[in-house]
Ligand code: FES
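Numbering (this note's numbering), first residue to last: 39 to 142.
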């Protein structure tokens, strides 16, 4: 992938450990999560019933949907427990000069 496809979204210093933030990238609702010492970018939309994940509880490397409790692995997007069975999208992330850049 070329570097041109990354979009600069927010200062890395604005996303503390354990924090999450929703950003809009070309019409996609993307959830940034600082979890397990890593910044992840995943779809903000649950694969079960298309509810927003942004208010969900976050643990080490996962986010839980606030509606029915499915958890998703932030690195792979895979559903870790029902009722979701399908993964959510994950996007490549990099930090350049304290900016978080996402390929979405
Ligand atoms: S909408 Fe997320 S688990 Fe049902």
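Where a beta carbon is used, it is the ideal one built from N, C-alpha and C, also for glycine.
All values derive from a computational prediction rather than experimental measurement.
Residues sharing a beta bridge with residue i, DSSP
{"i": "residue 109", "result": "102"}
{"i": "residue 79", "result": "70, 129"}
{"i": "residue 115", "result": "None; residue 115 has no bridge partner."}
{"i": "residue 60", "result": "69"}
{"i": "residue 97", "result": "100"}
Contact belief for residue i with residue j at Cβ below 8 Å, rounded distance in angstroms
{"i": "residue 66", "j": "residue 142", "result": "5 Å"}
{"i": "residue 55", "j": "residue 131", "result": "The pair is not a contact, with the Cβ atoms about 15 Å apart (cut-off 8 Å)."}
{"i": "residue 105", "j": "residue 87", "result": "7 Å"}
{"i": "residue 120", "j": "residue 85", "result": "That belief does not hold up - the Cβ atoms of residue 120 and residue 85 are roughly 12 Å apart, past 8 Å."}
{"i": "residue 83", "j": "residue 94", "result": "Actually they do not touch by this definition, with Cβ atoms about 12 Å apart."}
Status (buried if at least 16 other CB within 10 Å, exposed otherwise) for residue i
{"i": "residue 39", "result": "With a pLDDT of 47 at residue 39, under the threshold of 50, the predicted position of this residue should be treated as unreliable, and no value is reported."}
{"i": "residue 64", "result": "exposed"}
{"i": "residue 46", "result": "exposed"}
{"i": "residue 42", "result": "exposed"}
{"i": "residue 71", "result": "buried"}
Residue interval of the beta strand (DSSP E) (run including residue i)
{"i": "residue 45", "result": "44–49"}
{"i": "residue 92", "result": "From DSSP, residue 92 is part of no beta strand (DSSP E); its letter is neither H nor E."}
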